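Numbering (UniProt numbering), first residue to last: 1 to 312.
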Amino acid sequence: MSELRTKDEHTAAIRANRRVAVVVNTRSRRGRRHYFEVIEQIHNLGFEPLAELSVYNPKRLRDLLDTALATDPDLLIVGGGDGTLSSAVRHVAHRDVALGVLPLGTTNNFARSLGLPLDLAGAIRVFSTGKVADIDLGMADDRPFANLASFGVSVEVAGKVKPWLKRIVGRPAYPLTALTILPGHTPFRAYITVEGQRHELLTHQLNIANGRFHGGWQVAKDISIDNGMLVAYQLGSGKKLRLLGETLIRATTGRWRSLAGGPFVMGREMLLETDPPMAADVDGEVRLRTPIRLRVVPNGVRVMVPAEFEDR
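This is the structure in structure tokens:
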């Protein structure tokens, strides 16, 4: 890990030297449509990017992020959805470079957790008026994540949600797809061990969050991406009709009607076991299976945020 400047020094360097590199996923919901607009607005703020890269083939994303970082920017500006931004988070973790976020996805959970404007002009202005902050990095076994590890229905939804549906309806595409999967879904039993205490629950859906938003909607007001804690919670219970009802409410109103009547489980480290063993969706990538040990690395990532963001 390279030696880090103070956050004030880092902010001052971005404003004075304007050393930025830009990577935009042009396969994201709005990336292709707004790519040239993004570049123009960045130039209008006085930045002369060291690299301006568009990503059409997702398999090249990591290589292009490496190419951008090789220019030694103070600020790496990345545009795309939560999956793209999660890859960027893994690249900048523990490094003396800040991540600038352009919310170009469907749900933009990461951008929402940072308190960023969701309009492009507002998000881009943050690069010249905001500040460098450090936020928590989640770890699922040895895999870093920015926002969420999820288990159950959402893993199937991630594989089946249609790109055309996301383009047309946006955020509700996920709960609407879930409604087609739930009738045939079997609940599972989960065991979460935190600080020696074992919690058991029966559910169709379990989430363990580092960020504050899921599906583009706020989970709870007191959850933060910068409080050194992970939060586990279930959507619905083992009762399918109840979960169908709650998912329908969420699809139509955006509200979490309940969390199955139970409390959040919070901790810096959690061991998750399930019966049966299950695949995990970690920020949109399905690569791990339970049992999984999850933990938080406080202040593991530097980001550019609005001046009013509460940096703990």
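In this text, a Cβ means the ideal position worked out from N, Cα and C, and glycines have one as well. Note that the structure is predicted; figures quoted are calculated from it, not measured.
Under 8 Å between C-beta atoms of residue i and residue j
i      : j      : result
Asp96  : Arg5   : yes
Arg198 : Gly228 : no
Leu53  : Thr67  : yes
His185 : His214 : no
Leu272 : Ile223 : no
Leu75  : Phe127 : yes
Asn108 : Asp142 : no
Phe188 : Met270 : no
Val297 : Met139 : yes
Val303 : Leu99  : yes
Gly79  : Gly31  : yes
Buried versus exposed call for residue i [16 or more other C-beta atoms within 10 Å across all chains shown]
i      : result
Ala16  : exposed
Lys131 : buried
Pro144 : buried
Ala232 : buried
Asn57  : exposed
Glu3   : exposed
Ile14  : buried
Arg60  : exposed
Leu45  : exposed
Phe47  : buried
Pro73  : buried
Arg293 : exposed
Phe36  : exposed
Glu9   : exposed
Glu308 : exposed
Gly211 : buried
Gly129 : According to the sequence displayed, residue 129 carries Thr and not Gly. That one is exposed.
Cβ-Cβ separation, residue j to residue i (assumed contact under 8 Å), whole Å
i      : j     : result
Leu137 : His34 : Rounded, the Cβ-Cβ distance is 28 Å, inconsistent with contact.
Ala21  : Leu50 : 5 Å
Leu65  : Ser87 : 7 Å
Spatially closest choice to residue i from the options, by CA coordinates
i      : options                        : result
Ile225 : Gly196, Ala133, Asp275, Val55  : Ala133
Val24  : Ala12, Leu104, Ala13           : Leu104
Glu200 : Val194, Ala190, Ile135         : Ala190
Asn299 : His94, Ser154, Gly152, Ile292  : His94
Val265 : Leu230, Val303, Arg27, Asn108  : Leu230
Val301 : His91, Leu69, Glu48            : His91
Asp311 : Ile135, Val153, Val157, Ala279 : Ile135
Thr180 : Glu156, Thr193, Ile192, Glu195 : Glu156
Arg295 : Thr274, Lys7, Val194           : Val194
Thr274 : Gln218, Val219, Leu202, Leu235 : Leu202
**Request:** Evaluate the contact criterion for the segment 137-150 versus the segment 280-288: three or more CB pairs, one atom per stretch, below 8 Å.
**Result:** yes
**Request:** Inspect the CB distances between the segment 35-46 and the segment 120-129 and report whether three or more fall short of 8 Å.
**Result:** yes
**Asked** Does the count of Cβ pairs from the segment 109-116 and the segment 285-298 closer than 8 Å reach three?
**Response** no
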